[in-house]
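One structure is given here, and the rest of the page talks about it.
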């Protein structure tokens with residue numbers, strides 16, 4: 014049964030650039046902005062064998078929604094740079110409903126900074142009280 018206000022159909026032209034909507038966690042949303050590059054890994058095609066698809070953040074929602082498992086999440090829209098992915102010599106079309114991990118590139122740091130970050134956190138937080 015369809016309720017008033019429910020979306021039952023979206024019409025998209027065949028020539029439309031493929032877009033994806035992912036949910037960003039509340040703790041990550043402050044580091045995500047339009048224009049950032051994204052690496053997409055589709056569950057149907059293990060990236061170690063089939064590679065990844067690149068994309069770009071085009072919109073970040075200002076409103077959070079409640080997810081029962083993840084808590085507060087923000088919808089983030091991503092434009093895909095390709096409409097298909099290479100699989101065993103074939104080009105497989107990316108279709109709606111495919112599960113994907115989106116890695117949004119928020120910055121970079123040296124390996125030593127990554128290794129030492131827990132120590133720096135303890136140094137900063139040591140001896141603090143409420």
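Residue numbers (our numbering): 14 to 143.
A virtual CB, placed ideally from N, CA and C, is assigned to each residue, including glycine.
For residue 53, the first and last residue of its enclosing alpha helix (DSSP H): Looking at the DSSP string, residue 53 is not in any alpha helix (DSSP H); the run it does join, the beta strand (DSSP E), is 50-55.
Please list the terminal residues of the continuous alpha helix (DSSP H) segment that includes residue 131. Element bounds for residue 131: 124-138.
Taking a contact to mean a Cβ-Cβ separation below 8 Å, would you say residue 51 touches residue 118 in this structure? yes
Give the secondary structure of residue 43 by DSSP, where H, G and I count as helix, E and B as strand, and everything else as coil. helix
Taking three-plus beta-carbon pairs below 8 Å as touching, is the segment 85-94 in contact with the segment 121-133? Because the criterion of three Cβ pairs below 8 Å is not met, the segment 85-94 and the segment 121-133 do not touch.
Does the separation of the CB atoms of residue 38 and residue 113 fall below 8 Å? no
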